[in-house]
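Novice:
Residue numbers (this note's numbering): 7 to 242.
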């Protein structure tokens, strides 16, 4: 396996990108807690409408947290032997994942698990999302796609290779680290998309104009010809 040669500047750029993604993940996590709290409040006020949505939201949160934690543990393993985890310019070796995911040209159990985890997360979350959330499903499938039906992607030279090889084989550890943090960001984004759709979608339905009658309120019962009308339209 040949590692890709990258300049120190490119390695450092990957590291800075990783830091920004991690900071963004913290913020998105906080927002997701707020969305879930809002859904819990609505469910306590109207269990019939929001109860089933809350149940689904908690299932998605559990799946997301489990996958996120798996990725976080993998990142810790990748940097365990690095003296300064912020010295990105020394993270130019690909040995760790190359040895963890492959033995010769075959995937190891760890490599198989990595691939299974991403596929399971995609299919399990999609199974929970209702058909009305087609845009959320589309984003989910796009974020966690693993190649064609055979798990292959086509390189620039036209040769088809396994998705996991295309994404992680031979890359400097800092590049793979950043890619895994991006997966974590995709998990958080998927969780947020689902929570927002569940909360805002139901609220939008509740306040839809079709659920109300339109009333015309006048300031007085009669107006003379040419006199400006004074009144308002209200929902009731």
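The beta carbon of each residue, even a glycine, is placed where N, CA and C say it ideally should be.
1. Is the beta carbon of residue 20 sitting closer than 8 Å to the one on residue 100?
2. Going by DSSP in three states, residue 197 sits in which element: helix, strand or coil?
3. Name the DSSP bridge partner or partners of residue 109?
4. Suppose you measure from the CA of residue 47 to the CA of residue 98; what does that come to, to the nearest Å?
5. How big is the Cα-Cα spacing for residue 109 and residue 168?
6. Given this structure, state the Cα-to-Cα distance separating residue 57 from residue 91, to the nearest angstrom.
7. With 16 as the cutoff for other CB atoms within 10 Å, does residue 162 come out buried or exposed?
8. Whose CA, out of 77, 194, 199, 201, lies closest to the CA of residue 34?
9. Where in the segment 156–198 do unbroken runs of the beta strand (DSSP E), each at least 3 residues long, occur, reported from the N-terminal end onward?
10. Pick out the complete beta strand (DSSP E) segments inside the segment 83–152, 3 residues or longer, and give them in chain order.
11. Within this structure, are the beta carbons of residue 45 and residue 63 separated by less than 8 Å?
Specialist: This is what the structure gives:
1. Not in contact: residue 20 and residue 100 (Cβ atoms no closer than 8 Å).
2. Under the three-state reduction of DSSP, residue 197 is assigned to helix.
3. Residue pairing for residue 109: DSSP places it in a beta bridge opposite 112.
4. If I take the Cα positions, the gap works out to 48 Å.
5. For residue 109 and residue 168, the distance between alpha carbons rounds to 15 Å.
6. The straight-line gap from Cα to Cα measures roughly 44 Å.
7. Burial is judged here by how many other beta carbons sit within 10 angstroms of a residue's own beta carbon; residue 162 has fewer than 16 and is exposed.
8. Ranked by how close their Cα comes to the Cα of residue 34, the residues 77, 194, 199, 201 have 194 in first place.
9. Here the runs fully enclosed are 158–160, 166–168.
10. For the segment 83–152, not a single whole beta strand (DSSP E) run of length 3 or above is found.
11. The Cβ-Cβ distance between residue 45 and residue 63 falls below 8 Å.
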